[in-house]
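Visitor: The sequence shown maps to residues 50 to 285 in my numbering. Glycine residues also receive a C-beta, built at the ideal position from the N, C-alpha and C atoms. First, the structure itself, so that you have it in front of you.
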Amino acid sequence: MKIAICDDEKIFLSELKSKIYDYSNKYNWESIIDTYDTGFGLLNSNLKYDIIILDFQMDDLDGLETAKLLRKGVNKLSCIIFLTSFPEIAISAYDVDTYRFVVKNTLYNGLYKALDDFRTMYREDYEIIIRSENESFTINTEDIVFIEVLDKHSYIHLSNMKVLQTRKTLRELYKEVPHTHFLKIHKSFIINFKYIYQTGNYFVKLRTYEKSIPISRNHFAKFKNTYYNYLQGNKV
């Protein structure tokens, strides 16, 4: 998730960046957060972002004018969240397809709610291409129950009970799946939280698969924390 924050108060900018990283870690988002203290700096970067958090009141180029110019470039479809101390000006921002307005005196409640709603909207899985036995298969990540490695080959277990063998390493495959609900729990296993029906001391059981899958001691603490946050996130 690529996020830009643009605000002309540098101390506030640093604090907000730290808070959003805390939020990202809580929900297992892999985020890259860039900060800018002017609208011109953000525009001149010419980088594409998933979320842009903009201060509405800035010197030189204000948030609204910055957003209008962003919509003409690579950020036509970015989610724009405005920060303001004056909620009555919100109407003018609808011209740039604003996702949310957050009032600064209730900043973190409002911003976290906006990010919660964004996560809910974009929690969907996506398609990836897997090369297996000289054929290419397009599969949706929601159909992956777990991935294991055996004898230097990776095996992708699907919800329809099919298994695809691929030469890709576990590390390579882990980069391709959404980390909101996939986690490496052992040197040989990546699991999809959506298929968990039982957890125990150092093991999980997944729907459509009879055997228990081990959780290594090195990964157990992260699994507990990440799975708990995943369950809490699903209550949003």
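How about Val194 and Tyr279: are their beta carbons less than 8 Å apart?
Guide: As a position in the sequence shown, residue 194 is number 145, starting the count at 1. As a position in the sequence shown, residue 279 is number 230, starting the count at 1. No, Cβ-Cβ distance for Val194 and Tyr279 is not below 8 Å.
Visitor: Quick one: what's got a C-beta closer than 6 Å to His206's C-beta in the same chain, skipping five residues either side?
Guide: In the sequence shown, the residue the question calls residue 206 occupies position 157. So the qualifying residues of the chain are Val194, Phe195 and Val212.
Visitor: Pick out whichever of Leu62, Lys162, His268 and Tyr98 has its Cα sitting closest to the Cα of Thr72.
Guide: Residue mapping note: residue 72 aligns to position 23 of the sequence shown, counting from 1. Residue 72 is actually Tyr in this sequence, not Thr. Selected option, being the one with the closest Cα: Lys162.
Visitor: What does the alpha-carbon distance come out to for the pair Pro263 and Thr187?
Guide: As a first step, residue 263 is located in the sequence shown; it is residue number 214 there, counting from the start. As a first step, residue 187 is located in the sequence shown; it is residue number 138 there, counting from the start. Distance between the alpha carbons of Pro263 and Thr187 is about 28 Å.
Visitor: I need the boundaries of the alpha helix (DSSP H) containing Ser181, first residue and last residue.
Guide: Within the sequence shown, numbered from 1, the residue matching residue 181 stands at position 132. Careful: Ser181 lies outside any alpha helix (DSSP H), inside the beta strand (DSSP E) at Glu176 to Ser181.
Visitor: Could you please give the first and the last residue of the uninterrupted beta strand (DSSP E) stretch that includes Ile240?
Guide: Residue numbering aside, residue 240 sits at position 191 when the sequence shown is read from its first letter. Phe238 to Asn241 is the extent of the beta strand (DSSP E) around Ile240.
Visitor: With DSSP as the reference, identify every bridge partner of Gln106, one or two as the case may be.
Guide: Stepping through the sequence shown from its first residue, residue 106 is reached at position 57. Paired residues: none, contrary to the question.
Visitor: What's the gap between the Cα of Thr87 and the Cα of Ile102?
Guide: As a position in the sequence shown, residue 87 is number 38, starting the count at 1. As a position in the sequence shown, residue 102 is number 53, starting the count at 1. Whole-angstrom Cα-Cα distance: 12 Å.
Visitor: Just checking Ser203 against the ligand ZN - is the residue's beta carbon closer than 7 Å to any of the ligand's heavy atoms?
Guide: The ligand ZN is not part of this structure, which contains no ligands at all.
Visitor: Looking only at its own chain, which residues have a Cβ that is under 8 Å from the Cβ of Tyr276, when we skip the five neighbours before and after it?
Guide: Here residue 276 corresponds to residue number 227 of the sequence shown, with the count starting at 1. The answer, listed in chain order, is Leu232, Phe242, Ile245 and Thr248.
Visitor: Opposite Ala53 in the DSSP bridges: which residues?
Guide: Your numbering for residue 53 matches position 4 in the sequence shown. According to DSSP, Ala53 bridges with Asp83 and Ile101.
Visitor: Round the Cβ separation of Thr84 and Leu113 to the nearest angstrom and send it over; I've been treating them as touching at under 8 Å.
Guide: Your numbering for residue 84 matches position 35 in the sequence shown. Your numbering for residue 113 matches position 64 in the sequence shown. Thr84 to Leu113, Cβ: 20 Å. No contact.
Visitor: From Leu65, Lys68, Ile60 and Lys97, pick the residue whose C-alpha is nearest to that of Lys51; which is it?
Guide: What you label residue 51 is simply residue 2 of the sequence shown in a count that begins at 1. Among Leu65, Lys68, Ile60 and Lys97, the Cα nearest to that of Lys51 belongs to Lys97.
Visitor: Beta strand (DSSP E) containing Ile130: first to last residue?
Guide: Counted from its first residue, the sequence shown places residue 130 at position 81. Cys128 to Thr133 is the span of the beta strand (DSSP E), which, as asked, contains Ile130.
Visitor: Alpha carbon to alpha carbon, how far is Lys59 from Ser261?
Guide: Position 10 of the sequence shown holds residue 59. Position 212 of the sequence shown holds residue 261. Distance between the alpha carbons of Lys59 and Ser261: 50 Å.
Visitor: Could you have a look at Asn189 and say whether DSSP puts it in helix, strand or coil?
Guide: Numbered from 1 along the sequence shown, position 140 holds the residue referred to as residue 189. In the structure shown, Asn189 sits in a strand (DSSP, three-state: E or B).
Visitor: In whole angstroms, what separates the C-alpha of Val285 from that of Asn183?
Guide: Translated into the one-based positions of the sequence shown, residue 285 becomes position 236. Translated into the one-based positions of the sequence shown, residue 183 becomes position 134. Low confidence applies here, because Val285 scores a pLDDT of 39, under 50, leaving its location unreliable and the question unanswered by this model.
Visitor: Please look up how many angstroms separate the CB atoms of Tyr251 and Ile239, rounded, as I've assumed it's under 8 Å.
Guide: As a position in the sequence shown, residue 251 is number 202, starting the count at 1. As a position in the sequence shown, residue 239 is number 190, starting the count at 1. So it is not a contact: roughly 16 Å between Cβ atoms.
Visitor: For Phe269, which of Arg220, Ile234, Asp165 and Val198 has the nearest alpha-carbon?
Guide: Working through the sequence shown from its first residue, we reach residue 269 at position 220. Out of Arg220, Ile234, Asp165 and Val198, Ile234 has the C-alpha closest to the C-alpha of Phe269.
Visitor: To test your reading of the DSSP string, which unbroken beta strand (DSSP E) runs of 3 or more residues are found completely within the segment 215-256?
Guide: The qualifying runs are 231-235, 238-241, 245-249 and 252-255.
Visitor: DSSP three-state label for Tyr148, please.
Guide: The residue given as residue 148 occupies position 99 in the sequence shown. Coil, per DSSP.
Visitor: From Thr155, Phe135 and Glu79, pick the residue whose C-alpha is nearest to that of His228; which is it?
Guide: Start at 1 with the first residue of the sequence shown, and residue 228 comes out as number 179. If we check each option's Cα against that of His228, Glu79 comes out closest.
Visitor: Let me check one thing: in DSSP terms, what residues is His202 bridge-paired to?
Guide: For the purposes of this step, residue 202 is identified with residue 153 of the sequence shown, where counting begins at 1. According to DSSP, which records beta bridges pairwise, His202 is partnered with Leu199.
Visitor: Considering Leu113, what are the terminal residues of the alpha helix (DSSP H) in which it resides?
Guide: One-based indexing of the sequence shown puts residue 113 at position 64. Run containing Leu113: Gly112 to Leu119, per the alpha helix (DSSP H) assignment.
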